[in-house]
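Notes follow the structure.
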Amino acid sequence: MSIISVNNLTYYYDGCDEAVYENASFTLDTTWKTGLIGRNGRGKTTLLKLLTGELENGGAVNTKAEFLYFPFDVEDKNMSGSELIGIICPEMQEWEVIRELSYMGTDCEILYRPFNTLSGGEQTRLLLCLLFLRDNAFLLIDEPTNCLDLEAREAIGDYLKAKSGFILVSHDRDLLDKCTDHILSLGRSDTEIINGNYSVWKENFDRKEANELMRDKKLKSEIGHLKAAAERSKKWADTAESRKIGIDPTKTEKSLDRRAVEGAKAKAMMKRMKAVESRRQTAIDEKSELLKNRECIDTLKIPSIKAKSATVLSVQNLVPYYCDYCDNDNSNALCKPVSFTLSDGERLCLSGKNGCGKSTILKIIAGADISYSGSIAKAPGLKISVLPQDTNGLCGTLDEFSERLGVDAELVRAILAKLGFSRRELIDRTENLSAGQKKKVLIAGSLATPANLYIWDEPLNFVDIISRIQLERLLGANTPTMLLAEHDRYFCENTGTKRLYITKG
1 MSIISVNNLT YYYDGCDEAV YENASFTLDT TWKTGLIGRN GRGKTTLLKL LTGELENGGA
61 VNTKAEFLYF PFDVEDKNMS GSELIGIICP EMQEWEVIRE LSYMGTDCEI LYRPFNTLSG
121 GEQTRLLLCL LFLRDNAFLL IDEPTNCLDL EAREAIGDYL KAKSGFILVS HDRDLLDKCT
181 DHILSLGRSD TEIINGNYSV WKENFDRKEA NELMRDKKLK SEIGHLKAAA ERSKKWADTA
241 ESRKIGIDPT KTEKSLDRRA VEGAKAKAMM KRMKAVESRR QTAIDEKSEL LKNRECIDTL
301 KIPSIKAKSA TVLSVQNLVP YYCDYCDNDN SNALCKPVSF TLSDGERLCL SGKNGCGKST
361 ILKIIAGADI SYSGSIAKAP GLKISVLPQD TNGLCGTLDE FSERLGVDAE LVRAILAKLG
421 FSRRELIDRT ENLSAGQKKK VLIAGSLATP ANLYIWDEPL NFVDIISRIQ LERLLGANTP
481 TMLLAEHDRY FCENTGTKRL YITKG
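Numbering (UniProt numbering), first residue to last: 1 to 505.
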């Protein structure tokens with residue numbers, strides 16, 4: 001067992017006045033399976049690079065652990081997995097690597113193929129196995145399941161569950177639940193360590209959020225009542241003060257007495273109000289740091305339009321093809337025939353192994369010129385909003401992005417602010433954003449588009465947990481008609497009304 005002690009960690013991005021970390025301090029145990037979570041742009045990958053020494057920081061990192069970063073940078077992509085053994089873990093024999101691969105349910109044949117011919121899932125499994133075989137290594141694992149299908153995610157989760165001693169950056173809640181025993185959460189201005197997995201952290205998060213909201217509501221209600229009461233007493237005192245003294249000394253005396261009593265009552269009420277105001281201000285001061293740190297899950301909206309027909313989409317025996325033609329034996333078919341209907345308000349989640357044609361099916365339904373057989377019937381006047389998987393085409397400012405899409409730029413900015421964009425990111429060029437923030441730009445563009453049908457292709461790649469929860473609440477509170485491909489088990493279970501598994505051809 002060893003300790004990782006981080007003291008007064010401070011780091012600024014180049015050209016940025018706002019610190020990513022400012023005097024951050026925390027301690028981890030190297031036997032912990034620590035999940036590292038936080039909003040996009042909060043500095044998770046930056047923290048890993050600060051630990052490895054790739055980035056220089058103000059502060060101190062004290063540990064005897066040898067940090068290894070995943071994904072490992074394979075310089076020669078033509079190198080085979082067998083050759084990589086000599087680079088990453090030269091002390092290991094090939095049979096030991098084969099045994100390790102078997103723990104992840106991976107065939108040893110990937111050792112004898114060039115690295116660049118392996119799928120994303122195969123590359124991830126190979127590198128994780130080789131890195132864990134390295135003597136005295138403490139792994140810093142950065143988002144290992146992005147773009148991987150459910151089967152690959154489960155294999156990686158089962159493998160990591162059997163290991164100990166790593167930090168895992170992930171937005172995959174199912175993975176975090178399966179293989180972590182501590183959560184390091186990066187808040188707006190501090191860090192927090194929870195003993196438990198994601199579900200324990202989420203329960204704690206929800207409880208704190210509910211308590212803060214109840215306390216706020218109670219305090220505001222109390223102040224409102226006292227202000228109203230004080231205002232009424234003040235009016236009574238002012239009315240009594242403005243009365244002229246009459247001829248009847250008895251009445252006059254009574255008026256004076258009443259005016260004095262009412263004035264004293266108002267004065268006492270004002271004093272009480274000021275005391276409560278003081279308490280409120282003290283509470284606000286005490287909570288100011290907490291409010292800075294609190295991850296508010298702001299409500300999102302979607303301008304879905306009710307379709308003119310109860311059946312929005314009907315797909316029968318759809319088969320997409322690799323080429324521009326159909327072989328008689330369907331040998332170039334991407335998947336087995338796909339059939340489904342989508343009614344107004346339904347959300348259909350497509351699942352299946354990578355390469356089975358999910359994205360191609362979505363593109364065909366959205367109108368792309370791709371060869372296929374079968375039939376697609378759409379409701380009359382159907383308006384479709386598409387959220388593509390690929391963000392590589394993003395460039396320019398948010399104004400330029402909004403203009404190309406034909407949506408309100410201010411609405412796009414408002415959505416992005418709710419999804420955790422900083423002021424700097426709202427004015428930055430989109431090509432300079434992180435992968436998660438780029439994905440949010442596409443999400444905001446789709447949410448700003450009125451439509452009868454929303455087609456989303458893996459919308460959550462690189463997107464943080466808080467934003468995923470926001471989208472789940474959005475789709476739970478509204479009934480947009482949606483067709484989507486997504487590997488996040490939690491998201492599909494919480495938002496989908498129907499599921500369809502696509503089988504390779």
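Ideal Cβ positions, reconstructed from N, Cα and C, are used throughout, including at glycine.
Are Leu484 and Trp456 closer than 7 Å when you measure CB to CB?
yes
Mapping the DSSP letters down to three states, classify Met79 as helix, strand or coil.
coil
Where Ile245 falls: helix, strand or coil (DSSP)
Because Ile245 carries a pLDDT of 45, less than 50, the predicted location of this residue cannot be relied on, and no value is offered for it.
Given 8 Å, three or more beta-carbon pairs between the segment 402-420 and the segment 349-358:
no
Suppose you measure from the CA of Leu128 to the CA of Ile466; what does that come to, to the nearest Å?
Computed Cα separation, rounded: 27 Å.
Boundaries (first-last residue) of the alpha helix (DSSP H) holding residue 520:
The structure shown does not extend to residue 520, since the chain spans only 1 to 505, so no value can be given for it.
Does DSSP put Thr250 in a helix, in a strand, or in coil?
Residue confidence is low: Thr250 scores 47 on pLDDT, short of 50, so the model does not pin down where it sits. Its coordinate-derived value is still stated next. Residue state, collapsed to three classes: helix.
Report the option in Gln389, Glu410 and Leu387 whose CA atom is closest to the CA atom of Thr397.
Glu410
Quick one: Cα of Ser288 to Cα of Ser189, how far?
Confidence is the limiting factor: at Ser288 the pLDDT is only 48, short of 50, which leaves the residue's position unreliable, though a coordinate-based value still follows. So the alpha carbons of these two residues sit roughly 11 Å apart.
With a 10 Å radius around its C-beta and 16 neighbouring C-beta atoms as the bar for buried, classify Asn214 as buried or exposed.
Checking the displayed sequence, the identity of residue 214 turns out to be Met instead of Asn. Under this definition Met214 is an exposed residue.
Tell whether a beta-carbon distance below 7 Å holds between Lys202 and Lys178.
no
So the candidates are Val386, Ile167 and Gly157; which of them puts its Cα closest to the Cα of Ser304?
The residue with the shortest Cα to Cα distance from Ser304 is Val386.
Could you tell me the distance, in whole angstroms, from the CA atom of Ala477 to the CA atom of Cys492?
Separation of Ala477 and Cys492 (C-alpha to C-alpha, rounded to the nearest whole angstrom) is 15 Å.
When you compare only the Cα positions, how much space is there between Ile3 and Phe340?
54 Å
Please indicate yes or no: does the CB of Leu426 lie closer than 6 Å to some heavy atom of the ligand FMN?
Ligands displayed in this structure: none; no statement on the ligand FMN is therefore possible.
Kindly list the residues whose CB is nearer than 7 Å to the CB of Leu342, restricted to its own chain and excluding five residues on each side of it in sequence; keep chain order.
Val312, Leu313, Leu348, Thr481 and Leu483
If you draw a straight line from the alpha carbon of Ala60 to that of Phe166, how long is it in whole angstroms?
20 Å
Where does Gly43 land, buried or exposed, given buried means 16+ other C-beta within 10 angstroms?
buried
Under 7 Å between the Cβ atoms of Lys498 and Cys356?
Result no, Cβ atoms of Lys498 and Cys356 do not sit closer than 7 Å.
Mind the definition here: the segment 75-85 touches the segment 105-116 only if three or more C-beta pairs lie below 8 Å; say whether that holds.
yes
For a quick check, are the C-beta atoms of Asn40 and Asp464 less than 7 Å apart?
yes
Option in Tyr21, Leu68 and Pro71 with minimal Cα separation from Leu47:
Tyr21
Let me make sure I understand the geometry here. Which of Tyr12, Trp95 and Ile87 has the alpha-carbon closest to that of Leu55?
Tyr12
Would the segment 368-383 count as touching the segment 442-454 if we require 3 or more Cβ pairs under 8 Å?
Result yes; three or more Cβ-Cβ pairs closer than 8 Å.
On the premise that Val338 lies in contact with Ile502, defined as a C-beta separation below 8 Å, what is that separation, rounded to the nearest angstrom?
6 Å
Going by CA-CA distance only, name the one from Thr52, Asn317, Leu9 and Ala366 that's closest to Ser373.
When each option's Cα is compared against that of Ser373, the closest is Asn317.
Would you grab the beta carbon distance between Tyr159 and Tyr103 for me? Rounded to a whole angstrom, and I think it's under 8 Å.
With a Cβ gap of about 6 Å, Tyr159 and Tyr103 count as contacting.
Quick one: give me the first and last residue of the beta strand (DSSP E) that Trp456 is part of.
Leu453 to Asp457
Going straight from the alpha carbon of Ala310 to that of Asp206, what length do you get?
If you draw a straight line from the Cα of Ala310 to the Cα of Asp206, it is about 37 Å long.
Mapping DSSP to helix, strand and coil, what is Ala377?
Reduced to three states, the DSSP call for Ala377 is strand.
Between which two residues does the beta strand (DSSP E) carrying Val315 extend?
Taken as a continuous stretch (DSSP letters only), the beta strand (DSSP E) holding Val315 covers Thr311 to Pro320.
In the DSSP assignment, find the unbroken beta strand (DSSP E) run with Val338 in it and report its ends.
Val338 to Ser343
For Thr124, which option in Glu94, Leu500 and Ala155 has the closest C-alpha, if you only look at C-alpha atoms?
Ala155
Tell me the residue span of the alpha helix (DSSP H) that contains Ile469.
Annotation for Ile469: the continuous alpha helix (DSSP H) segment containing it runs Ile465 to Ala477.
Which stretch, first to last residue, makes up the beta strand (DSSP E) that contains Phe67?
Glu66 to Phe70
By Cβ distance, which residues of its chain are closer than 6 Å to Ala444, with the 5 residues on each side in sequence left out?
Val412, Ile415 and Leu416
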